[in-house]
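Visitor: Everything in the sequence shown is counted per UniProt numbering, starting at 1 for the first residue and increasing by one. Please see the structure below; I have some questions.
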Amino acid sequence: MPQSVRGVVAHKKGEPVSVETIIVPDPGPGEAVVQVQACGVCHTDLHYREGGINDEFPFLLGHEAAGIVEAVGEGVTDVAPGDFVILNWRAVDGTCRACRRGEPWYCFSTHNAAQKMTLESGQELSPALGIGAFVEKTLVHAGQCTKVDPAVKPEVAGLLGCGVMAGIGAAINTGGVGRGDSIAVIGCGGVGDAAIAGARLAGASTIIAIDMDDRKLEWAKGFGATHTINARERDVVEAVQELTDGNGANVVVDAVGRPETFKQAFYARDLAGTVVLVGVPTPDMTVDLPLIDVFGRGGSTKSSWYGDCLPSRDFPMLVDLHLQGRLPLEKFVSETIALDGVEAAFEKMHKGEVLRSVVLF
Numbered sequence: 001m002p003q004s005v006r007g008v009v010a011h012k013k014g015e016p017v018s019v020e021t022i023i024v025p026d027p028g029p030g031e032a033v034v035q036v037q038a039c040g041v042c043h044t045d046l047h048y049r050e051g052g053i054n055d056e057f058p059f060l061l062g063h064e065a066a067g068i069v070e071a072v073g074e075g076v077t078d079v080a081p082g083d084f085v086i087l088n089w090r091a092v093d094g095t096c097r098a099c100r101r102g103e104p105w106y107c108f109s110t111h112n113a114a115q116k117m118t119l120e121s122g123q124e125l126s127p128a129l130g131i132g133a134f135v136e137k138t139l140v141h142a143g144q145c146t147k148v149d150p151a152v153k154p155e156v157a158g159l160l161g162c163g164v165m166a167g168i169g170a171a172i173n174t175g176g177v178g179r180g181d182s183i184a185v186i187g188c189g190g191v192g193d194a195a196i197a198g199a200r201l202a203g204a205s206t207i208i209a210i211d212m213d214d215r216k217l218e219w220a221k222g223f224g225a226t227h228t229i230n231a232r233e234r235d236v237v238e239a240v241q242e243l244t245d246g247n248g249a250n251v252v253v254d255a256v257g258r259p260e261t262f263k264q265a266f267y268a269r270d271l272a273g274t275v276v277l278v279g280v281p282t283p284d285m286t287v288d289l290p291l292i293d294v295f296g297r298g299g300s301t302k303s304s305w306y307g308d309c310l311p312s313r314d315f316p317m318l319v320d321l322h323l324q325g326r327l328p329l330e331k332f333v334s335e336t337i338a339l340d341g342v343e344a345a346f347e348k349m350h351k352g353e354v355l356r357s358v359v360l361f
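What follows is the structure, given as structure tokens:
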């Protein structure tokens, strides 16, 4: 029987969100209903509210979540009621051309729930990233549920569902950072700090944090940065080279996603080094680089989709590392808030006052 729950809805571009009654249908074949326990407030949710993703309003916001499976539909075998899960937006289909060539983290045909959650009026909602988790219960495809150790706190586990995974994966999966490597990370918000934490996990010896906010640079030290650069005060490329014997870093992660930061990343890497773009640019942005430099510097420039993660592989591993005390996920949680605090959390995030506000149910 369909359930009525409370959730956060964005009705129009740029307008404040509202808490409304959401109708959640029973799970159909391949679907699951999850009782959400915690959901992080991510920049992507703000992008949805601002119309930066698409114009399919109204949106049911929220996607960086963890909770308990309440019910599953026909044919679901990987999760069962009572399982503690992290929600993901890359439920691989296993049959697309990326999956067939053994690269499921690039899956080009990911799954979402077939049914729609609605408002009381019957108007269908567009769930953020196919999840919609600023809500007491949500309907997702069962493949979007990744079972992990229930010993982890929901408010930290959910962060692996998006921003933290994107950053850690950008460093380790996409950038291939390894023992003794040097890495520079441009932009020390949640994703950038996660890249720093990932580089530390991987054994990088020189971890350079770059931002224009001294407060964020201090936060970055807590995740493993060995050096910091304030981009308002120093030329980024020169400063990175000074810290790497004049060579540049083996890997540079652009966690901002602007033409100027991408150029900094491109020229701050060593010859044959790797540039990783994980910050999301807007459609109007372009970058102009001399083609001879692209050729002459060698190496690679990569974009990182969701940290090139495979949730079934990476989420349980990272939860285990956290429970062992090796991955300080709790440091990403700046505050926990109620469901009606999302709009205020957007403002704090926009001002750079928090790494993550987390809705705790």
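No residue lacks a Cβ here, since even glycine has one placed at the ideal position from N, Cα and C.
1. Would Gly-187 and Val-79 qualify as a contact pair, given that the criterion is a beta-carbon distance under 8 Å?
2. Are Cys-39 and Val-354 touching if we call contact CB-CB under 8 Å?
3. Give the list of continuous alpha helix (DSSP H) stretches no shorter than 4 residues that lie fully inside the region 161-227.
4. Between which two residues does the alpha helix (DSSP H) harbouring Val-156 extend?
5. Judging by CA-CA distance, which residue of Val-92, Arg-101 and Leu-119 is the nearest neighbour of Cys-107?
6. Quick check on the DSSP output: the alpha helix (DSSP H) that includes Ile-292 runs from which residue to which?
7. Going by the DSSP bridge assignment, what does Phe-57 pair with across the sheet?
8. To the nearest angstrom, how far is the alpha carbon of Asp-149 from that of Pro-316?
9. Going by C-alpha to C-alpha distance, which of Asp-254, Thr-44 and Gly-102 sits closest to Ile-168?
10. Going by C-alpha distance, which of Asn-173, Val-156, Gln-3 and Pro-29 is nearest Asn-112?
11. On the premise that Gly-132 lies in contact with Gln-144, defined as a C-beta separation below 8 Å, what is that separation, rounded to the nearest angstrom?
12. Using only alpha-carbon positions, find the residue among His-43, Asp-181 and Lys-331 that is nearest to Glu-347.
13. Give me whichever residues DSSP pairs with Ala-91 in a beta bridge.
14. Give me whichever residues DSSP pairs with residue 362 in a beta bridge.
15. Kindly list the residues whose CB is nearer than 6 Å to the CB of Met-285, restricted to its own chain and excluding five residues on each side of it in sequence; keep chain order.
16. Leaving aside the five residues before and after Cys-99 along the sequence, list all residues of the same chain whose C-beta is less than 7 Å from its C-beta, in chain order.
17. So the beta strand (DSSP E) Ala-65 belongs to, where does it begin and stop?
18. Could you spell out where the alpha helix (DSSP H) holding Ala-239 opens and where it closes?
19. Across the region 149-164 and the region 278-294, are there enough close Cβ pairs to call them in contact, namely three or more that are closer than 8 Å?
20. At a cut of 8 Å, does the region 60-68 reach the region 5-21 through at least three beta carbon pairs?
21. Does the distance from the C-beta atom of Val-177 to that of Ala-199 stay below 8 Å?
22. Go to Lys-348, then tell me how far its alpha helix (DSSP H) extends in each direction, as first and last residue.
23. Using 8 Å as the threshold, is the C-beta distance between Ile-210 and Ala-231 below it?
24. Would you kindly work out how many angstroms separate the C-alpha atoms of Gln-123 and Lys-116, rounded to a whole number?
25. Could you check what DSSP says for Thr-301 in three-state terms: helix, strand or coil?
26. For Val-5, I'd like the list of residues in its chain whose CB is within less than 7 Å of its CB, leaving aside the five on either flank, ordered along the chain.
27. Decide if Glu-31 is buried, meaning its Cβ has at least 16 other Cβ atoms within 10 Å, or exposed.
28. What residue from Asp-340, Arg-101, Thr-146 and Lys-351 has the CA that sits closest to Pro-16's CA?
29. Rounding to the nearest angstrom, what Cα-Cα distance links Tyr-267 and Gly-203 in this structure?
30. By how many angstroms is the C-alpha of Gln-241 removed from the C-alpha of Asn-247?
31. Roughly how many whole angstroms lie between the Cα atoms of Glu-50 and Thr-118?
32. Mind checking Pro-283: buried by the 16 CB within 10 Å criterion, or exposed?
33. Kindly give me the distance between the Cβ atoms of Asn-250 and Asp-181, rounded to whole angstroms, as I take these residues to be in contact under 8 Å.
34. Using a 10 Å radius around the Cβ and a threshold of 16 neighbouring Cβ atoms, would you call Met-1 buried or exposed?
Guide: This is what the structure holds:
1. In the sequence shown, residue 187 corresponds to position 187, counting from 1. In the sequence shown, residue 79 corresponds to position 79, counting from 1. Their beta carbons are not under 8 Å apart, which means Gly-187 does not touch Val-79 by this criterion.
2. Here residue 39 is taken as the residue at index 39 of the sequence shown, counted from 1. Here residue 354 is taken as the residue at index 354 of the sequence shown, counted from 1. Their beta carbons are not under 8 Å apart, which means Cys-39 does not touch Val-354 by this criterion.
3. 163-169, 190-202 and 214-223
4. Locating residue 156 in the sequence shown gives position 156, counting from the first residue. That run of the alpha helix (DSSP H) goes 154-157.
5. Residue numbering aside, residue 107 sits at position 107 when the sequence shown is read from its first letter. Among Val-92, Arg-101 and Leu-119, the Cα nearest to that of Cys-107 is on Val-92.
6. On the sequence shown, position 292 is the one that residue 292 refers to. First-last of the alpha helix (DSSP H) with Ile-292: 291-297.
7. What you label residue 57 is simply residue 57 of the sequence shown in a count that begins at 1. According to DSSP, which records beta bridges pairwise, Phe-57 is partnered with nothing at all.
8. Within the sequence shown, the letter at position 149 stands for residue 149. Within the sequence shown, the letter at position 316 stands for residue 316. Roughly 7 Å separates the two Cα atoms.
9. Stepping through the sequence shown from its first residue, residue 168 is reached at position 168. Among Asp-254, Thr-44 and Gly-102, the Cα nearest to that of Ile-168 belongs to Asp-254.
10. For this step, residue 112 is matched to residue 112 along the sequence shown. Cα-wise, what sits closest to Asn-112 is Pro-29.
11. For the purposes of this step, residue 144 is identified with residue 144 of the sequence shown, where counting begins at 1. For the purposes of this step, residue 132 is identified with residue 132 of the sequence shown, where counting begins at 1. In fact, because the Cβ distance is near 11 Å, the residues do not count as touching under 8 Å.
12. Taking the first residue of the sequence shown as position 1, residue 347 is located at position 347. Here the closest residue by C-alpha is His-43.
13. Against the sequence shown, residue 91 aligns to sequence position 91. Answer is His-111.
14. A query on residue 362 cannot be resolved here, the shown segment of the chain reaching from 1 to 361 and no further.
15. Numbered from its first residue, the sequence shown carries residue 285 at position 285. So the list reads Pro-259, once near-sequence residues are dropped.
16. Position 99 of the sequence shown, counted from the first residue, corresponds to residue 99. Hits under 7 Å: Val-92, Asp-93 and Cys-107.
17. Numbered from its first residue, the sequence shown carries residue 65 at position 65. Residues 64-72.
18. Here residue 239 corresponds to residue number 239 of the sequence shown, with the count starting at 1. Looking at the DSSP string, the run of the alpha helix (DSSP H) that includes Ala-239 is 236-242.
19. no
20. yes
21. As a first step, residue 177 is located in the sequence shown; it is residue number 177 there, counting from the start. As a first step, residue 199 is located in the sequence shown; it is residue number 199 there, counting from the start. Contact flag set, yes.
22. As a first step, residue 348 must be located in the sequence shown, where it is residue number 348. Per DSSP, Lys-348 belongs to the alpha helix (DSSP H) from 342-350.
23. Taking the first residue of the sequence shown as position 1, residue 210 is located at position 210. Taking the first residue of the sequence shown as position 1, residue 231 is located at position 231. Result yes, Cβ atoms of Ile-210 and Ala-231 sit closer than 8 Å.
24. For the purposes of this step, residue 123 is taken as residue 123 along the sequence shown, with counting starting at 1. For the purposes of this step, residue 116 is taken as residue 116 along the sequence shown, with counting starting at 1. When rounded, the distance between both Cα atoms is 9 Å.
25. Taking the first residue of the sequence shown as 1, we reach residue 301 at position 301. It is a strand residue.
26. Start at 1 with the first residue of the sequence shown, and residue 5 comes out as number 5. For Val-5, where only same-chain residues beyond five positions count, the Cβ hits under 7 Å are Ile-22, Val-24, Val-135, Glu-136 and Lys-137.
27. By one-based count along the sequence shown, residue 31 stands at place 31. Flag for Glu-31 reads buried.
28. Residue mapping note: residue 16 aligns to position 16 of the sequence shown, counting from 1. Nearest C-alpha to Pro-16: Asp-340.
29. Start at 1 with the first residue of the sequence shown, and residue 267 comes out as number 267. Start at 1 with the first residue of the sequence shown, and residue 203 comes out as number 203. Looking at the two C-alpha atoms, the distance is approximately 24 Å.
30. Along the sequence shown, one-based indexing puts residue 247 at 247. Along the sequence shown, one-based indexing puts residue 241 at 241. Rounded to the nearest angstrom, the two C-alpha atoms are 5 Å apart.
31. Here residue 50 refers to the residue found at position 50 when the sequence shown is read from its first residue. Here residue 118 refers to the residue found at position 118 when the sequence shown is read from its first residue. Rounded to the nearest angstrom, the two C-alpha atoms are 21 Å apart.
32. As a first step, residue 283 must be located in the sequence shown, where it is residue number 283. Exposed, since its Cβ has fewer than 16 Cβ neighbours within 10 Å.
33. By 1-based counting over the sequence shown, the position of residue 250 is 250. By 1-based counting over the sequence shown, the position of residue 181 is 181. Sure, about 4 Å apart at Cβ, within 8 Å.
34. To locate residue 1, count along the sequence shown from 1; it is residue 1. Its Cβ having fewer than 16 others within 10 Å, Met-1 is exposed.
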